[in-house]
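Contents: one structure, followed by commentary.
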Amino acid sequence: MTGSWCCRTGAWWSRAPTTNSWRKEEPFMNSSRDTNPLEVPGRGLIDEALPFLQRLPIFSDTPYDLLKLYAYLAEKEQYRKGDVILRQGEPCDRLFLIMSGRVAIWQEHRHRRFLLQELDHESVNYFGELSLIAEFDCFYGASALCAVDLLSFSRESFHKVMERFPGRYRQAVDRIVRLRIHRFVEQTNYLFDHLREDAWREFVLDDPAGSNRSQD
């Protein structure tokens, strides 16, 4: 597997000692990754992230000033083809938004890896949304199918924003849950479309009333 590389900007509530400074990248998801400064943190990423965020359902009806704050706190990540972005069974702590490229969502079962969904920047372009509101070990994995540019937003940053705008929390959680339901439906439909017929049983509910009528 090739190594991936990542550019992540600082934030208002940075864990690094200096605000808006590059911080040394810690190991992530057991994948090798080199950190390279792709652009000057701050304004450059805001100008790139802001129009992208405005197109996302999760940020619809979000006031412009608040959206700018989200853009400021976002971090840009880049991966090469074959890189593991998320590994099943390990903690997920941020939402990922696909700016370009394609990502495979997969699940391991009995030592085999099964494809659940392919995501790209033109259709369903997000994953990890539940990590904004809960801590959990990831129940799926994600890998880059080609060179991928991602915009990520951490749970820590999300909570900091919600502390400043508590009235927005319920609306944000509602949208996150609805987005997850939508993705679950998409993944289920994908499985039904690709499973062999002998791999699942069609459910037919007997109608007692209908049976009685047929006997009359």
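Those letters in the sequence shown? Residues 145 to 360, per the working numbering, in order. Positions of the beta carbon are idealized from the N, C-alpha and C atoms, including for glycine.
Inset, instruction - Could you check which residue in 294, 273 and 190 has the C-alpha nearest to that of residue 284? - result: Within the sequence shown, the letter at position 140 stands for residue 284. Of the candidates 294, 273 and 190, the one whose C-alpha sits nearest the C-alpha of residue 284 is 273.
Inset, instruction - Give a yes or no on whether the C-beta atoms belonging to residue 293 and residue 244 are separated by under 7 Å. - result: One-based indexing of the sequence shown puts residue 293 at position 149. One-based indexing of the sequence shown puts residue 244 at position 100. In this structure, the beta-carbon distance from residue 293 to residue 244 falls below 7 Å.
Inset, instruction - Report yes if the C-beta distance between residue 275 and residue 238 is below 7 Å; otherwise report no. - result: On the sequence shown, position 131 is the one that residue 275 refers to. On the sequence shown, position 94 is the one that residue 238 refers to. Inclusion of residue 275 and residue 238 in the CB contact set at 7 Å is warranted, their separation being smaller than that value.
Legend entry - Reduced DSSP category for residue 201 - H, G, I as helix; E, B as strand; rest coil: Indexing the sequence shown from 1 puts residue 201 at position 57. Three-state DSSP puts residue 201 in a helix.
Legend entry - Boundaries of the beta strand (DSSP E) in which residue 246 is found, first to last residue: The residue you call residue 246 lines up with position 102 of the sequence shown. From DSSP, the beta strand (DSSP E) with residue 246 extends over 246-253.
Legend entry - Length at least 4, wholly inside the segment 232-313: the alpha helix (DSSP H) runs in chain order: 299-308
Inset, instruction - Determine the contact status of residue 277 and residue 229, defining contact as a CB-CB distance below 7 Å. - result: Here residue 277 refers to the residue found at position 133 of the sequence shown. Here residue 229 refers to the residue found at position 85 of the sequence shown. Contact flag unset, no.
Inset, instruction - Within its chain, find whatever has a CB closer than 6 Å to the CB of residue 302; leave out the 5 residues flanking it on each side and keep chain order. - result: Position 158 of the sequence shown, counted from the first residue, corresponds to residue 302. Excluding residues within five positions, the ones whose Cβ falls inside 6 Å are 276.
Inset, instruction - Taking 7 Å as the cut-off, decide whether the C-beta atoms of residue 260 and residue 249 are in contact. - result: Sequence index remark: in the sequence shown, residue 260 carries index 116 (1-based). Sequence index remark: in the sequence shown, residue 249 carries index 105 (1-based). It is a contact, given that the beta carbons lie within the stated cut-off.
Inset, instruction - Check whether the segment 252-259 touches the segment 213-229, taking contact to mean three or more Cβ pairs, one atom from each stretch, closer than 8 Å. - result: Under the Cβ criterion (8 Å, minimum of three pairs), the segment 252-259 does not count as touching the segment 213-229.
Inset, instruction - State the Cα-Cα distance for the pair residue 253 and residue 311, rounded to the nearest angstrom. - result: The residue labelled residue 253 in the question sits at position 109 within the sequence shown. The residue labelled residue 311 in the question sits at position 167 within the sequence shown. Each residue's Cα considered, the two are about 41 Å apart.
Legend entry - As assigned by DSSP and simplified to three states, the class of residue 211: As a position in the sequence shown, residue 211 is number 67, starting the count at 1. Residue 211 falls in the helix class under three-state DSSP.
Legend entry - Bridge partner(s) assigned by DSSP for residue 220: The count along the sequence shown starts at 1 and reaches residue 220 at position 76. Residue 220 pairs with 295.
Legend entry - Exposed unless 16 or more other CB atoms sit within 10 angstroms - verdict on residue 263: What you label residue 263 is simply residue 119 of the sequence shown in a count that begins at 1. Label assigned to residue 263: buried.
Inset, instruction - Please state if the CB of residue 197 and the CB of residue 211 are separated by a distance shorter than 7 Å. - result: Sequence index remark: in the sequence shown, residue 211 carries index 67 (1-based). Sequence index remark: in the sequence shown, residue 197 carries index 53 (1-based). It is a contact, given that the beta carbons lie within the stated cut-off.
Legend entry - 8 Å CB neighbourhood of residue 323 in its chain, flanking five on each side removed: Counting from 1 along the sequence shown, the entry for residue 323 is found at position 179. Only 201, 202, 270 and 273 meet the Cβ criterion.
Legend entry - Inter-residue CB distance, residue 297 and residue 236 (contact presumed, cutoff 8 Å): Numbered from 1 along the sequence shown, position 153 holds the residue referred to as residue 297. Numbered from 1 along the sequence shown, position 92 holds the residue referred to as residue 236. At roughly 12 Å, the Cβ-Cβ gap does not stay under 8 Å, so residue 297 and residue 236 are not in contact.
Legend entry - Beta-carbon proximity of residue 289 to residue 246, cut-off 7 Å: The residue given as residue 289 occupies position 145 in the sequence shown. The residue given as residue 246 occupies position 102 in the sequence shown. Contact: yes.
Inset, instruction - Can you give me the Cβ contacts of residue 233 inside the same chain, cut-off strictly under 7 Å, excluding the 5 residues immediately before and after it? - result: Counting from one through the sequence shown, the residue named residue 233 turns up at place 89. The residues are 281 and 282.
Inset, instruction - Starting from residue 339, trace the beta strand (DSSP E) both ways and give me its first and last residue. - result: Translated into the one-based positions of the sequence shown, residue 339 becomes position 195. Residue 339 -> no beta strand (DSSP E), and no H or E assigned at all.
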